[in-house]
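Protein chains: 2
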Amino acid sequence: MGALIEIPARGGTAVHLDRGRSIKVINTHGTQVVDTWAFNRDEPAEFLSMEHLRVAIGGIFPKPGDALVTNRRRPIVTLIEDTSPGIHDTLLAACDAHRYRLLGCPEGHANCTDNLHAALGRIGFAAPETPSPLNLWMNIPVGADGTVDYLPPVARPGDYVVLRAEIDAVIAFSACPQDMVPINGEACIPVEAHFTFI
Amino acid sequence: MGALIEIPARGGTAVHLDRGRSIKVINTHGTQVVDTWAFNRDEPAEFLSMEHLRVAIGGIFPKPGDALVTNRRRPIVTLIEDTSPGIHDTLLAACDAHRYRLLGCPEGHANCTDNLHAALGRIGFAAPETPSPLNLWMNIPVGADGTVDYLPPVARPGDYVVLRAEIDAVIAFSACPQDMVPINGEACIPVEAHFTFI
Chain A
327 MGALIEIPAR
337 GGTAVHLDRG
347 RSIKVINTHG
357 TQVVDTWAFN
367 RDEPAEFLSM
377 EHLRVAIGGI
387 FPKPGDALVT
397 NRRRPIVTLI
407 EDTSPGIHDT
417 LLAACDAHRY
427 RLLGCPEGHA
437 NCTDNLHAAL
447 GRIGFAAPET
457 PSPLNLWMNI
467 PVGADGTVDY
477 LPPVARPGDY
487 VVLRAEIDAV
497 IAFSACPQDM
507 VPINGEACIP
517 VEAHFTFI
Chain B
327 MGALIEIPAR
337 GGTAVHLDRG
347 RSIKVINTHG
357 TQVVDTWAFN
367 RDEPAEFLSM
377 EHLRVAIGGI
387 FPKPGDALVT
397 NRRRPIVTLI
407 EDTSPGIHDT
417 LLAACDAHRY
427 RLLGCPEGHA
437 NCTDNLHAAL
447 GRIGFAAPET
457 PSPLNLWMNI
467 PVGADGTVDY
477 LPPVARPGDY
487 VVLRAEIDAV
497 IAFSACPQDM
507 VPINGEACIP
517 VEAHFTFI
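Line order of the protein sequences matches chains A and B.
Under my numbering, the first residue of the first sequence carries the number 327, and numbering increases by one thereafter.
Under my numbering, the first residue of the second sequence carries the number 327, and numbering increases by one thereafter.
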């Protein structure tokens, strides 16, 4: 296993992941949502797509063994292992400047959309759009009436997810800076997470 | 009320809808799913976005009175009226050539993604991507375990939805050509739908 690499609190990072290699994403404190994206390294307009993933897996919760697909319906990463209870979100857009403005925050609140594009930029990769992310550990139950709720993660400190690349990919993470609704724990304090290549 | 305009079975159409104008979409036979998109006429990269809509309305089922938002989180259309039981889908991607290939169909099956871009092209509008559509009358229940099912619409013949434009918009419809799973009725026979300006 490689060194632990930090996803800084409220920040993002992006890395290359060659086909066949795996990455372990760790919920270091158990309370943090990690927005996750995957792009085809050779064709940035192909990326992990939640609306295609839900068709492919027949549901809203990816499980170990599931191939997670792109907007061209082919696997880009496989969810190999998940030590957490498996509660992740595939429904909600990444937070952005508009979201925090609507929540009444002053301008300049950190957000996952800006984190994504800044992180990609640091490795010289440009995404043509902002795909809806796989929000690891984000706990958004859907009621029988279709309403959604925003609850803290049910993960434990150190819980992790392993993703294996099925094509040469760029993977990006954002430790979600949401501190207005309790998706990052009741205390609403975003913290760092980690990952490592395995 | 204007003339009834057909959305041909397995086909698509796109129209301009000025701010403040409304359009009535009619499930003529009650069994047909109508994939629906809305774009900012002046900025095609801004469009009705399901992942942002779910945040804005706090759920997966839009209801009369809901402002349906773009990927910049501002209203583009308001759902004014819905005579059907309100079961629509916001979760699943538009069908495309990849989908039918994976279902085992020969090449060339009509699909909503191609219908969208062909319909937009006929009015001289180009969309930079294929947003996930508002699938009117598509009945995709989400189980308590997060699995989704594909069921026939619960609409009645003549049920309709009224959408009012909140900005100058382009609206596109596709009468979904899905005939491999029973989303367009148990008989799996896609049929035409209609719309009219009101």
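Think of the CB as a built atom: it goes at the ideal place given N, C-alpha and C, for glycine as much as any other residue.
DSSP state of residue i mapped onto helix, strand, coil
i               : result
V360 of chain B : strand
N461 of chain A : strand
D555 of chain A : Only positions 327 to 524 of chain A appear in this structure, which leaves residue 555 of chain A out of reach.
P401 of chain B : strand
H424 of chain A : helix
I524 of chain B : coil
I413 of chain A : coil
I449 of chain B : coil
I515 of chain B : coil
I466 of chain B : coil
Exposure of residue i, with buried meaning 16 or more beta-carbon neighbours within 10 Å
i               : result
D415 of chain B : buried
K389 of chain A : exposed
G562 of chain B : Nothing about residue 562 of chain B can be read from this structure; chain B reaches only from 327 to 524.
P503 of chain A : buried
R345 of chain B : exposed
A452 of chain A : exposed
G450 of chain B : exposed
P483 of chain B : exposed
V507 of chain B : exposed
D392 of chain A : buried
A419 of chain B : buried
G447 of chain B : exposed
A513 of chain A : exposed
Beta strand (DSSP E) segment containing residue i, residue limits
i               : result
A393 of chain A : 393 to 395
S500 of chain B : 495 to 501
Y486 of chain A : 485 to 491
Nearest-angstrom Cβ-Cβ length linking residue i and residue j, presumed shorter than 8 angstroms
i               : j               : result
I524 of chain A : S410 of chain A : The Cβ separation is near 17 angstroms, so there is no contact.
P479 of chain A : V341 of chain A : Actually they do not touch by this definition, with Cβ atoms about 23 angstroms apart.
P516 of chain B : R336 of chain B : 5 angstroms
H424 of chain A : R367 of chain B : That belief does not hold up - the Cβ atoms of H424 of chain A and R367 of chain B are roughly 20 angstroms apart, past 8 angstroms.
S375 of chain B : L442 of chain B : About 15 angstroms; that fails the 8 angstroms criterion.
L373 of chain A : N397 of chain A : For the sequence presented, residue 373 of chain A should be read as Phe rather than Leu. The pair is a contact, with the Cβ atoms about 6 angstroms apart (cut-off 8 angstroms).
L343 of chain B : A491 of chain B : 4 angstroms
I386 of chain B : V468 of chain A : 6 angstroms
Practice prompt. Mind listing, in chain order, the continuous alpha helix (DSSP H) runs of no fewer than 4 residues lying wholly within the stretch 332 to 391 of chain A?
Written response: 376 to 383
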